[in-house]
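Here's the structure, in structure tokens; my notes come after.
Number of protein chains: 2
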Amino acid sequence: MTSHPIQLADIEQAAQRIQGHAVETPLLEFHSLNEQCQGRVLIKPEVLQRTGSFKFRGAYNTLASLSPEERVRGVLAFSSGNHAQGVACAARLLGIGATILMPKDAPPLKIRRTREYGAQVVLFDRETEDREAIAATLTAESGAVLVKPYDDPRVMAGQGTLGLEIARQAQALGLRPEVALVPCGGGGLIAGVSVALHSQFPQIAVYAVEPDGFDDTGRSLAAGSRQTLAPGGHSICDAILTAAPGELTFEINRRLLSGALTVTDAEVRFALRWAFENLKLVVEPGGVVGLAALLAGRIALEGRCAVVVLSGGNADPALFAETLLTTD
Amino acid sequence: MTSHPIQLADIEQAAQRIQGHAVETPLLEFHSLNEQCQGRVLIKPEVLQRTGSFKFRGAYNTLASLSPEERVRGVLAFSSGNHAQGVACAARLLGIGATILMPKDAPPLKIRRTREYGAQVVLFDRETEDREAIAATLTAESGAVLVKPYDDPRVMAGQGTLGLEIARQAQALGLRPEVALVPCGGGGLIAGVSVALHSQFPQIAVYAVEPDGFDDTGRSLAAGSRQTLAPGGHSICDAILTAAPGELTFEINRRLLSGALTVTDAEVRFALRWAFENLKLVVEPGGVVGLAALLAGRIALEGRCAVVVLSGGNADPALFAETLLTTD
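Residue numbers (the UniProt record's numbering), protein chains in the order written: chain A, 1 to 328; chain B, 1 to 328.
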């Protein structure tokens, strides 16, 4: 593992940096889910994290690593929502100015929350405007530091703290997870979590779970190199819609992942409702894909112990309500 | 405290009985809630309990205390839902037959779940049929043991285990809660919790929270004796609609409670939605009243540490969806 973009030590340092600022989310077990899956399922509800998703971990670790000069220049991020909130909240805590570029069609709750954390939100049209060009103009004006959503070792190390917690919490229960199901967009979360989990459980099989039509990591794993999807896919999983894996994240994921699974929008909606009824947790579409894969039978536990990461809970109320009503 | 219907020792015994069967729910803290309330708020999310509410604790403790002869006769309970599920699930685990009398207008999810636990569900019409008479007929036929929803020392001791957990978990964080807000119907939960919390934090102020129009415990506390409300009230908090406090529960509550607070349906809906957006927890109307009281400013924390019990999460999907949509 010596050539990985991040090492276990980076994650341990990140854990120290975020301590007292991020929440140590619990590791939960539900009799109903164990029975349903005929195994032992440990839920890591990162919906309970500050800002409602794991993104705060990586954002805080990155911003806390900036030099005094960089802090003065402020930060810039582009994100459809969860990274935006993570960066905005971390920036406020550290007294750093933040500008966030968000698509106009991002869930309204995510836009509102990002503003509430004190960030300056700049909206753009996904169809007609060029995000990179706007970002370039903004950074040229202000000198702001770009905080990438996943392809940055500081971000990946921050997300990896979630894996360290899982390992410690599972060990406290006397358990050794054999499978982990982790939502995957650009791959920063699963890269960090894989490094952490493999350090404690070398035999664990970590699977990326992606929305149908956005299986860039799955295709890249199959091909052995980064693949870019053609545009035009559609999915309700707004938080994890990427066209290609990150360069650094894939460097880790191609070596540590056991494979990738996909789920349909219908399976995601079923899982959202199942989590509502049985886990009493509010999960957003992109955050529930691991559970969706499990409930859809994409992987059979057969008595094994699995960890499922519920990576975010910033569900749009209208979409959530519609999901509860239409599958009634 | 020597003349209380239950003692700390009863709760400690109940804790041993339910161990490994009930979930030790975590004690959660949310930065957003602390900021909102200008204090330190510890959330006890009993929505994560087996069967989705605290009722499993008391039901399991009671059923596990039955003699072999009683077990053979089976159990009977009447309940609009959460006690029903608690008894049905505990009965299944202990191999005891269960019959549950439920009102026809109970939330469909609660009726379905009770059946799924294997109980025989008998529906009756609240308006035209006499629950007590039906129960008397059923017990006369089968000899089944009636499991009361709250006015039984075994039930109260079981619910008290939730208070023991809060005390231990708060102490592990180095905190001494000064206030506790607990949903109150017949008063079994708050009676057990009060005994447990007062044993560890003698100065704590425990408040019953009731729906507007169902403030039987509040009126009884004010009068110094059990008061019965006139019929005709209406509230969405189906789980905690009682006309009078229990005899045994009030014996404890009149001595240990600091007071009672009420919340309106509108405040309950606001809190349901607030919990959805900020805590990512699914709470049912009757379970969220403590949070509703806090958010409505019924009690000012002013830097103090408070515990809020979210007692159940078996929310009807249609009502929940409507709440998300109408307050948008």
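Note that the Cβ used here is the ideal one computed from N, Cα and C, for glycine as well.
Among the residues of its own chain, which have a CB less than 6 Å from the CB of residue i, if the five just before and after it don't count?
i         : result
CYS305(A) : ARG40, LEU175, PRO177 and GLU178
ALA119(A) : ALA88, ALA98 and ILE100
GLN85(B)  : THR51, ARG113 and THR114
GLY143(A) : ARG73
VAL122(B) : LEU101
PRO211(B) : SER235 and CYS237
GLY158(A) : ALA14, ARG57, GLY58 and ASN61
GLN169(B) : LEU27
ASP125(B) : LYS104
ALA64(A)  : ARG17
VAL155(A) : GLY58, THR62 and GLY188
Measure from the C-beta of residue i to each C-beta in chain E and report whether the shortest distance is under 8 Å.
i        : result
VAL87(B) : Among the protein chains of the structure shown, namely A and B, there is no chain E.
Could you check what DSSP says for residue i in three-state terms: helix, strand or coil?
i              : result
TYR60(B)       : helix
ALA315(B)      : coil
PHE270(B)      : helix
GLU129(A)      : coil
ILE283(A)      : Per the sequence shown, the amino acid found at residue 283(A) is Val instead of Ile. VAL283(A) falls in the coil class under three-state DSSP.
SER53(A)       : strand
SER194(A)      : helix
GLU322(A)      : helix
GLU12(B)       : helix
VAL41(B)       : strand
GLU70(A)       : helix
CYS305(A)      : strand
ALA22(A)       : strand
VAL87(B)       : helix
LEU146(B)      : strand
ILE166(B)      : helix
MET1(B)        : With a pLDDT of only 44 at MET1(B), under 50, the local geometry of the prediction cannot be trusted, and the value read off the model is given with reservation. In this structure, MET1(B) counts as coil in the three-state DSSP scheme.
PHE214(B)      : coil
ILE96(B)       : coil
THR137(A)      : helix
LEU241(B)      : coil
VAL155(A)      : helix
LEU229(B)      : coil
residue 338(B) : The question about residue 338(B) has no answer here: the residues shown for chain B are numbered 1 through 328.
GLN7(B)        : coil
What residues from chain B crowd round residue i, counting only those whose CB sits closer than 7 Å?
i         : result
LYS280(A) : VAL47, LEU48, GLY52, LEU281, VAL282 and GLY313
HIS31(A)  : ARG50
PRO103(A) : Those within 7 Å of PRO103(A) in chain B number zero; the least Cβ separation is about 20 Å.
ALA321(A) : ALA321, LEU324 and LEU325
Just to confirm my understanding: we take residue i, look at its own chain, exclude 5 residues before and 5 after, and list those with CB closer than 7 Å. What are they?
i         : result
GLU24(A)  : GLU165
ALA222(B) : none
THR128(B) : none
PHE56(A)  : ALA22, GLN49, ARG50, GLY86, CYS89 and ALA90
ALA271(A) : VAL288, LEU291, ALA292 and LEU295
ASP215(A) : ALA260 and THR262
PRO245(B) : GLY186, GLY187, ASP216, THR217, SER220, ARG226 and ASN253
GLU70(A)  : VAL145
PHE250(B) : GLY187, SER220 and ARG226
Checking the sheet assignment: what are the DSSP bridge partners for residue i?
i         : result
SER110(B) : Looking at the sequence shown, residue 110(B) is not Ser but Lys. Answer is none; LYS110(B) lacks a bridge partner.
TYR117(B) : BP columns for TYR117(B) are empty, so no partner.
TYR207(A) : LEU181(A) and GLY259(A)
LEU123(A) : MET102(A)
PHE78(A)  : LEU101(A)
LEU173(A) : LEU173(A) pairs with nothing; no bridge assigned.
GLU29(A)  : LEU42(A)
LEU310(B) : PRO45(B)
Mind listing the chain A neighbours of residue i? Cutoff is C-beta to C-beta under 8 Å, in chain order.
i        : result
ALA14(B) : Under the 8 Å cutoff, chain A gives no residues; its nearest Cβ is about 19 Å from ALA14(B).
What does residue i touch in chain A if you count any residue whose Cβ is under 7 Å from its own?
i        : result
PRO26(B) : PRO26
So with CB distances below 8 Å, who are the chain B contacts of residue i?
i         : result
LEU173(A) : What LEU173(A) touches in chain B: nothing, since even the nearest Cβ is about 11 Å away.
ALA140(A) : Those within 8 Å of ALA140(A) in chain B number zero; the least Cβ separation is about 34 Å.
Could you name the residues of chain B that residue i contacts, counting a contact when the two beta carbons are closer than 9 Å?
i         : result
LEU109(A) : GLU277
Given 7 Å as the limit, tell me if residue i has its C-beta closer than that to any heavy atom belonging to the ligand ATP.
i         : result
ASP212(A) : Absence of the ligand ATP is noted for the structure shown, with no ligands found whatsoever.
Once the 5 residues before and after residue i are set aside, which same chain residues still bring their CB inside 8 Å of it?
i         : result
ILE134(A) : LEU101, VAL122 and PHE124
ALA230(A) : none
PRO108(B) : ASP316
Decide yes or no for the touch test of the segment 84-92 of chain B against the segment 297-311 of chain B: beta carbon pairs closer than 8 Å, at least 3 of them. no
Is the segment 179-187 of chain A close to the segment 141-156 of chain A, with three or more CB pairs under 8 Å? yes
Is it the case that the segment 274-285 of chain A contacts the segment 28-46 of chain A, given that we only count it when at least three CB pairs across the two stretches are under 8 Å? yes
Between the segment 193-200 of chain B and the segment 6-15 of chain B, do three or more beta carbon pairs fall short of 8 Å? yes
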